[in-house]
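Colleague: Numbering (the numbering used here), first residue to last: 92 to 351. Every residue gets a Cβ at the ideal spot worked out from N, C-alpha and C, and that includes glycine. A single structure is presented below for examination.
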Ligand SMILES: Nc1nc2c(ncn2[C@@H]2O[C@H](COP(=O)(O)OP(=O)(O)OP(=O)(O)O)[C@@H](O)[C@H]2O)c(=O)[nH]1
Ligand SMILES: [Mg+2]
């Protein structure tokens with residue numbers, strides 16, 4: 092059994108990609124279980140085999156006086172009490188792949204410990220990878236790219252799993268960004284050169300963005316940034332291939348191409 096954890100900002104396309112990637116994988120033969128880990132999800136584009144809403148309720152926490160964000164965090168934290176049940180349900184299904192769809196409240200996975208703790212408890216030490224989704228709008232300007240890749244790295248240090256960084260909704264990207272910018276992001280000095288070419292930012296911001304860009308490169312974090320559109324079956328197949336490569340290698344997979 093192999094685990095894929097979908098993480099990304101609100102509306103970045105996690106649930107849609109969960110549905111489409113599951114269908115893609117099943118199209119090649121392996122079985123997939125879809126796990127909804129978003130307690131606040133109202134409508135899902137797939138029928139989850141396992142659903143956190145069966146175990147915890149955001150409304151219950153709101154009735155006790157929490158606001159919607161606090162209630163969501165409390166619901167995910169509380170779900171830890173049900174992790175054994177959730178894990179046995181997945182074990183009973185025993186699929187080849189498990190895709191875990193998470194809430195858009197990214198702080199759960201980027202900053203707080205609750206999200207990573209429940210995910211770790213579910214996957215245990217089985218082969219796992221994170222898919223981090225980045226909206227195309229972040230790739231319209233260099234500061235957006237630095238900002239979203241920094242967030243991506245924050246998720247990587249929190250979850251501590253190999254991570255595929257995906258530009259979601261790639262059908263909405265401008266051709267130049269898709270063909271000329273994204274493929275070069277992993278090259279030495281490329282992101283920094285984009286930051287340097289920006290007009291209208293102050294020296295402090297430019298220096299900060301340059302330092303982050305260099306750190307992202309030197310740590311080997313940027314690597315390959317994969318554009319994926321649910322309207323492009325080839326891009327879904329490429330994502331599946333990348334995940335297979337990572338998940339088959341297990342602990343031996345060298346994801347980060349450390350340069351520094
Ligand atoms: N054009 C385009 N739209 C997409 C794609 N993937 C998702 N969307 C749209 O993006 C919107 C948000 O998708 P969701 O899958 O709900 O995103 P999410 O990350 O699960 O959102 P939250 O759970 O609210 O954080 C929906 O309107 C989708 O139809 C894509 O590849 N291309
Ligand atoms: Mg969703």
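(1) From which residue to which residue does the alpha helix (DSSP H) around residue 289 run?
(2) With H, G and I counted as helix, E and B as strand and the rest as coil, what does DSSP make of residue 125?
(3) Any heavy atom of ligand 1 inside 7 Å of the beta-carbon of residue 108?
(4) Considering only C-alpha positions, which residue in the set 201, 210, 188 is nearest to residue 172?
(5) With residue 192 as the anchor, note down where its beta strand (DSSP E) starts and where it stops.
(6) Restricting to runs no shorter than 4 residues, where is the alpha helix (DSSP H) found entirely within the region 192-250?
(7) Given 7 Å as the limit, tell me if residue 263 has its C-beta closer than that to any heavy atom belonging to ligand 1.
(8) Which residues in the same chain as residue 324 place their Cβ atom closer than 8 Å to its Cβ, once the five residues preceding and following it in sequence are excluded?
(9) Which runs of the beta strand (DSSP E) spanning at least 3 residues fall entirely within the region 118-186, listed in chain order?
(10) So, for residue 208: in the same chain, excluding its five sequence neighbours on each side, which residues have a beta-carbon less than 7 Å away from its beta-carbon?
(11) Hey, would you say residue 95 sits closer than 8 Å to residue 184, going by beta carbons?
(12) Going straight from the alpha carbon of residue 154 to that of residue 226, what length do you get?
(13) Comparing alpha-carbon positions, which option in 300, 233, 312, 137 lies nearest residue 248?
Modeller: Looking at the coordinates:
(1) That residue, residue 289, is in no alpha helix (DSSP H); it is neither H nor E in DSSP.
(2) strand
(3) yes
(4) 210
(5) 188-192
(6) 198-201, 205-214, 233-250
(7) yes
(8) 115
(9) 123-127
(10) 171
(11) no
(12) 33 Å
(13) 312
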